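Here the structure comes first, spelled out in structure tokens, and everything after it is commentary.
What follows is the structure, given as structure tokens:
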């Protein structure tokens, strides 16, 4: 017998459902269903039941049962006597992995296109099974499943969906061309803007991580190693390495329209958020220099604000990131003969801030500031 939040179901030995009737007690809290009897799940063929019963509450309950096992494994590990079928922990885990890969995974594409609550539970369950290593990222890297995951993220913002898309984008086995075919960079950038505008702090870091994962993919350079230390002002910057067109994310430059929010988040009081956002600024200048330069030089007041804040909190890494980004943007503007409307008062203000940094004792800051001041002094002649 399996007891669900809405009813109870009994099974024969061959796994056939024999009876359905209202549960005696409704579960008031969704988390409370962790304590229901889960043992029977691994003792019948889920695909038989799912295919015969179709779209109804029972289908949702089966998904919630398997979700319960993965979400709270201590139910099994700490109380095996609770279950009707007394098996070893190793056998439980083996059965769960078998159910996940043999029955749930093949049905996932159907679940995600179903109605009502089924897609939500299927998506949440998939993330849990991946987190507990019952399903590998490698098993869901086909273009259709990846596309469905990102479509689900953009239609239903949740931490589970962000984590799944981040895992997909970060997976070494993921082909960059699949991510490129999705054409979702603009939507991810808009998602970041939305999360910041709504002060959804819990989603800021995961969404920034997702942006960073796409930007790193956009590097498309052999031997590229992502480093927190900026190198845009070095003699041998990584952009001198040839780009492989077949490995590029074709719409990566769409992040250029979001550089304003990257700069704002670089000034965040949350260190991790600020570090991630500033890394995204550096990466964006490398993968889409023209678009990033346009965005950065038209947001000089935000750059000034981040530099001033970094001076107050003595954040050496953040100062270096902003200085390298600013210096490289100035160089890009001049070398590519770009035409932009840049406010002279904004240049004057930021030049004063950078000039003060020439006397900084923080390693790497003074030398970078000296270079950036020279680049800034060249700008007025070209405006």
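In our numbering, the protein residues as written are 7 to 389. All residues carry an ideal CB built from backbone N, CA and C; glycine is no exception. Please read these numbers as outputs of a predicted model, since none were measured by experiment.
Quick check on residue i: buried or exposed, where buried means 16 or more other Cβ atoms within 10 Å of its Cβ?
i	result
residue 375	buried
residue 299	buried
residue 377	buried
residue 154	buried
residue 206	exposed
residue 367	exposed
residue 353	buried
residue 150	exposed
residue 301	buried
residue 295	buried
residue 167	buried
residue 308	buried
residue 218	buried
residue 358	exposed
residue 335	buried
residue 201	buried
Determine the DSSP secondary structure at residue i, reduced to helix, strand or coil.
i	result
residue 138	coil
residue 256	coil
residue 225	helix
residue 304	coil
residue 370	coil
residue 206	coil
residue 118	coil
residue 126	helix
residue 239	coil
residue 46	At residue 46, the pLDDT of 40 sits below 50, so the modelled position is not reliable and the matter cannot be decided from this model.
residue 341	helix
residue 101	helix
residue 190	coil
residue 273	coil
residue 181	coil
residue 218	helix
residue 143	helix
residue 365	coil
Taking just the CA atoms, how far does residue j sit from residue i?
i	j	result
residue 321	residue 152	38 Å
residue 133	residue 224	25 Å
residue 197	residue 203	10 Å
residue 135	residue 339	48 Å
residue 323	residue 169	27 Å
residue 275	residue 129	33 Å
residue 267	residue 209	14 Å
residue 182	residue 281	25 Å
residue 316	residue 349	23 Å
residue 337	residue 362	21 Å
residue 160	residue 293	24 Å
residue 127	residue 284	35 Å
residue 122	residue 273	41 Å
residue 120	residue 101	26 Å
residue 372	residue 365	6 Å
residue 97	residue 163	35 Å
residue 113	residue 216	27 Å
residue 313	residue 131	43 Å
residue 318	residue 379	20 Å
residue 385	residue 344	11 Å
residue 108	residue 174	21 Å
residue 199	residue 383	33 Å
residue 157	residue 193	10 Å
residue 342	residue 329	20 Å
residue 369	residue 297	30 Å
residue 254	residue 263	19 Å
Contact defined as beta carbons within less than 8 Å: I believe residue i pairs with residue j. What is the distance between those atoms, to the nearest angstrom?
i	j	result
residue 256	residue 186	5 Å
residue 306	residue 356	5 Å
residue 111	residue 145	6 Å
residue 212	residue 172	6 Å
residue 195	residue 261	5 Å
residue 147	residue 180	6 Å
Is the CB-CB distance between residue i and residue j below 7 Å?
i	j	result
residue 381	residue 333	yes
residue 106	residue 141	yes
residue 221	residue 289	yes
residue 191	residue 258	yes
residue 125	residue 118	yes
residue 327	residue 178	no
residue 331	residue 277	no
residue 291	residue 279	no
residue 346	residue 303	yes
Can a CB atom of chain D be found closer than 7 Å to the CB of residue i?
i	result
residue 382	Among the chains in the structure shown there is no chain D, since it carries only a single protein chain.
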